[in-house]
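Participant:
Protein chains in written order, with the working numbering: chain W, 1 to 347; chain H, 1001 to 1322; chain Y, 2001 to 2307.
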């Protein structure tokens, strides 16, 4: 953005008027970590997009690169040892990866926000929650302490924390798990971001609380029209909440499309494996069906299709040719040479 | 004696704070790496640690130094042919020369010999005190940590009382009032008495964190006796910080003995102690600096090598703390 | 917070009596004649010995002795030297000097220690980090009296930068001894700050703070700083004990007429009662300081308040 007179946020705002729609465009993202033993290829060519009001779920196991990719979008990867080695991340058409850090920081938290899995460790234990929420207003908007405190209370009420006014000076450890997560959500939404990235927001919570939090997120999204990127390993949540899903394996997407369609008619052996490995309450089986084998060593990703060592459909071709994204249907892709077979077998 | 290892431990009895070793690097690297199958990180902690240690210069340097010093302590004759006690007054306060490499002291004794023989006392005290206090600390600490409750509270209160008395102060009082004659045994005894609470704190907190582990619960569920659980599960897994701290303690004790001897409440003549030598040197630092420099150098190097070794061990055994 | 305070105070009481009893027992309740032991090689007429026996209540049962002893302490009576001069007078005279020395040392070790620790921790593995790690290790390893003499030799005698003896030169006289006194603690503080900072920088809340769009300066300077200081503050309590021991050595080497030197002189001159009296006083001070630091710790770390 050299030579432009307007600031980035101006540009983004201006573009917003022109194209209300596409919020985020991630294209061919590559992230690697250079450590003592070698290079860990955490993200290998991930692409997806997010529109206003849309919920995209990024589904995968640990080590699939889902969290790392989100952190790359936010720009909070510790570098070293992490490096973004390729691809583009466009927020409302503006290339974030080219922005200088000072500009990037203005976007972070203000336009794109992120919440994390364990609210207890994600919140600073020695500052009251009101202070932490209010910080957003003090730093990004220059409000006074009193004003930001008032706004913090407003936000806490918005996320349905009871007795917000009394609890604004409490510390994180004084809240229950679900309440703490609401505090984090409040903090992230304080400046009305256009995108919220939620990295496994409910994994650490009880099932009933999980449902409440997901409902809260859905309601807030409806109010604000923000885009939601939901990172999870929970298929059930995906089916319930997400518009579109990106299934990740070994750092890239292996299947992408409308979540219900993918859920009911998967077109990739890995997705099938994930579905089948879920314990089901309606069918009695003697054994569970895990996907055989284990996730790949990201320092030595198998040649060809990374899933081939564990794939029941694997053939000679899969060990040498990295499958491209085949179009399975409108808005649906699958990175499997034999996706038609998979589809057929699943009906 | 300051708690080098983890001073803020005394406030936190919370075992959860100890839990969770993470690999070196950022949380992101950890997540990315988690996907790998165990890449040579299998095998016991100690085997792994040994492999790492062998390559580290810190370990090698301090290891070599310590070996030399221990050799010096056991066979001082290997390093000098002179007799530290054969002193000729007419040779008093000679500068270093070919005849007397380190010069001579006030009595005319060969200083090189005295310095070399000084290692014996220092290393002996260091090791005796550390081994004994560690042993006592392990016994009491594992009992206190494992059983908790009243036993733990009582032991905790007792150690609190001990902690209220700073080492040097306590050392001065005890040594002065209790012992007219102060040899190796007496000084060691006092240092043990003053030192075991710190080690005990450490053992206790290590035991506390291990006790919460699931494998202890399963052993108990299987009906394994308490003593056995302590011996076979708790101790081996809580030993890592103890080993590190014990190594550092050797250095600290050597330093403490020297300080006490320097002040005149530690070892007495005819014992040969670096602290004592420095004490007699203090009035002559300008005229005969060699009296101060050589024991000072040896003392510093000795303490340094033990502390360095402790640091190296800690880096290898507890990656969290890098 | 109130509950925590009450609990700490309650813990303080048995420790206070326990520690003073311990000292008391070790001095006055040993087998043999305590007066003889305290007097060392001094020759004393029997009448003098008898007087001292009654003065220190040696014919009373142990607990009564101790009771009277503690009572005396509360009234500022820490015994007398063998010429009848109250130890308290000696302390009153010497204490201000030691306080000046200690405060200077404290300030020095805190400021430089924390600074060094932050510089080392923020760029872990960098040049500053290695420098700090190595130099602190060296300082810790060299016993304080060796360090003191070296400092005297080099800085005082060789280069004539600072005075090395006595307190005639006003503030300047205290500089070198304070630096030597604070050196070991400085090393520990720097290391502790560094470790604490490094650990905190890896915390989740740092990630959150960065994700909030806060500047690195703010994340390190405000968010991690408070958390990192917690272990350092706890260390400071123990540090006072080390400073006391160190003061004895430093004052001796640099000829500062403070309380530390008084202890040393007491040892040298076989004035057992003086030694015991001063040590008792110092131990009480140490305990109170620890209590205060515990309270400070609760202020810094809200998680502790509700234990």
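Even for Gly, the Cβ is constructed at its ideal location relative to N, Cα and C.
Starting from residue 1310(H), trace the alpha helix (DSSP H) both ways and give me its first and last residue.
Facilitator: Residues 1290-1317.
Participant: At a CB-CB cut-off below 9 Å, which residues of chain W make contact with residue 2129(Y)?
Facilitator: Result: empty, since nearest Cβ-Cβ is about 15 Å, beyond 9 Å.
Participant: Comparing alpha-carbon positions, which option in 123(W), 195(W), 300(W) and 332(W) lies nearest residue 364(W)?
Facilitator: Absent from the model: residue 364(W). The displayed extent of chain W is 1 to 347, so no value can be given.
Participant: From residue 380(W) to residue 184(W), what does the alpha carbon distance come to, in whole angstroms?
Facilitator: The shown model of chain W, from 1 to 347, leaves out residue 380(W), and the question about it has no answer.
Participant: Under the rule that 16 or more other beta-carbon atoms within 10 Å means buried, what is residue 1110(H), buried or exposed?
Facilitator: It counts as buried.
Participant: May I ask you to report which of helix, strand or coil DSSP gives residue 2030(Y)?
Facilitator: Coil.
Participant: Between the Cα of residue 229(W) and those of 334(W), 116(W) and 121(W), spot the shortest distance and give me the residue it belongs to.
Facilitator: Nearest C-alpha to residue 229(W): 116(W).
Participant: Where do the N-terminal and C-terminal ends of the beta strand (DSSP E) with residue 83(W) fall, by residue?
Facilitator: Segment 82-91, the beta strand (DSSP E) holding residue 83(W).
Participant: Please confirm if the region 75-91 of chain W is in contact with the region 121-140 of chain W, defined as three or more CB-CB distances below 8 Å between the two stretches.
Facilitator: With the cut-off at 8 Å, the region 75-91 of chain W and the region 121-140 of chain W do not touch.
Participant: Please determine, among 24(W), 78(W), 63(W) and 60(W), the residue with the shortest C-alpha to C-alpha distance to residue 34(W).
Facilitator: The option with the nearest alpha carbon to residue 34(W) is 78(W).
Participant: Should residue 2381(Y) and residue 2289(Y) be called a contact, given that it needs their Cβ atoms to be closer than 8 Å?
Facilitator: Residue 2381(Y) cannot be examined here, being either before or after the span of chain Y that is shown, 2001 to 2307.
Participant: Starting from the C-beta of residue 2105(Y), find all residues in its chain whose C-beta is less than 6 Å away, skip the five residues before and the five after it, and write them out in chain order.
Facilitator: Once the five neighbours on either side are set aside, the close Cβ partners of residue 2105(Y) are 2178, 2181 and 2182.
Participant: Would you mind stating whether residue 1250(H) and residue 1126(H) have Cβ atoms separated by less than 8 Å?
Facilitator: Cβ distance < 8 Å, so residue 1250(H) and residue 1126(H) count as in contact.
Participant: Reducing DSSP to helix, strand and coil, say where residue 2059(Y) ends up.
Facilitator: DSSP places residue 2059(Y) in coil when its eight states are reduced to three.
Participant: With a CB to CB cut of under 6 Å and the five nearest residues on each side skipped, what residues in its chain are close to residue 2169(Y)?
Facilitator: Contacts found: 2163.
Participant: Which whole-angstrom value is the C-beta distance of residue 2263(Y) and residue 1172(H), which I expect to be below 8 Å?
Facilitator: Residue 2263(Y) to residue 1172(H), Cβ: 7 Å. Contact.
Participant: Per DSSP, what are the beta-bridge partners of residue 108(W) in this structure?
Facilitator: 112(W).
Participant: Looking at the unbroken alpha helix (DSSP H) that takes in residue 2281(Y), where does it start and where does it end?
Facilitator: From DSSP, the alpha helix (DSSP H) with residue 2281(Y) extends over 2272-2300.
Participant: Using CA coordinates, which residue listed in 318(W), 275(W) and 211(W) is at the minimum distance from residue 346(W)?
Facilitator: For residue 346(W), the nearest C-alpha among the options comes from 275(W).
Participant: Select from the region 1143-1161 of chain H all residues with a C-beta closer than 7 Å to any C-beta belonging to chain Y, and list them in chain order.
Facilitator: From the region 1143-1161 of chain H, only 1157, 1160 and 1161 have a Cβ closer than 7 Å to chain Y.
Participant: Just the C-alpha distance for residue 1239(H) and residue 1141(H), rounded to the nearest angstrom, thanks.
Facilitator: Whole-angstrom Cα-Cα distance: 12 Å.
Participant: Just tell me which of 250(W), 98(W) and 256(W) has its CA closest to the CA of residue 65(W).
Facilitator: It is 250(W).
Participant: Would you please verify whether the beta carbon of residue 2001(Y) is less than 8 Å from any beta carbon of chain H?
Facilitator: No, because no Cβ of chain H sits closer than 8 Å to the Cβ of residue 2001(Y).
Participant: With 8 Å set as the bound, which would you pick, yes or no: does the beta-carbon of residue 2208(Y) sit closer than that to a beta-carbon of chain W?
Facilitator: Closer than 8 Å to some Cβ of chain W, the Cβ of residue 2208(Y) qualifies, so yes.
Participant: Can you grab the Cα-Cα spacing for the pair residue 2248(Y) / residue 2259(Y), in whole Å?
Facilitator: Between residue 2248(Y) and residue 2259(Y), the C-alpha separation is close to 7 Å.
Participant: Apart from the five residues on each side of it in sequence, which residues of its chain come closer than 7 Å, Cβ to Cβ, to residue 297(W)?
Facilitator: Excluding positions up to five away in sequence, the list is empty.
Participant: Please report the straight-line C-alpha distance between residue 2304(Y) and residue 1165(H), rounded to a whole angstrom.
Facilitator: When rounded, the distance between both Cα atoms is 25 Å.
Participant: At 7 Å on the CB atoms, spell out the chain H contacts of residue 2018(Y), in chain order.
Facilitator: Ordered by position in chain H, the residues that pass the 7 Å Cβ test against residue 2018(Y) are 1161.
Participant: What distance in whole Å lies between the Cβ atoms of residue 1175(H) and residue 1190(H), which are believed to be in contact at a cut-off of 8 Å?
Facilitator: Contact holds; Cβ gap of about 6 Å.
Participant: Flag this pair as yes or no: are the beta carbons of residue 2070(Y) and residue 2148(Y) separated by less than 8 Å?
Facilitator: Cβ distance not < 8 Å, so residue 2070(Y) and residue 2148(Y) don't count as in contact.
Participant: Mind pulling the chain Y residues with CB within less than 9 Å of residue 1177(H)?
Facilitator: Chain Y residues near residue 1177(H): 2026, 2027, 2028, 2030, 2034, 2037, 2038, 2272, 2275 and 2276.
Participant: Alpha carbons only, please: which of 252(W), 61(W), 172(W) and 21(W) is nearest the one belonging to residue 50(W)?
Facilitator: The residue with the shortest Cα to Cα distance from residue 50(W) is 21(W).
Participant: Measuring CA to CA, which of 2067(Y), 2217(Y), 2131(Y) and 2270(Y) is closest to residue 2194(Y)?
Facilitator: Selected option, being the one with the closest Cα: 2131(Y).
Participant: Where does residue 342(W) fall in DSSP's three states?
Facilitator: Residue 342(W): helix per DSSP, three-state reduction.
Participant: According to the Cβ coordinates, are residue 2155(Y) and residue 2133(Y) closer than 8 Å?
Facilitator: No, the Cβ-Cβ distance between residue 2155(Y) and residue 2133(Y) is not below 8 Å.
Participant: Using a C-beta cutoff of 8 Å, does residue 1071(H) count as contacting chain Y?
Facilitator: Chain Y contact via Cβ: absent.
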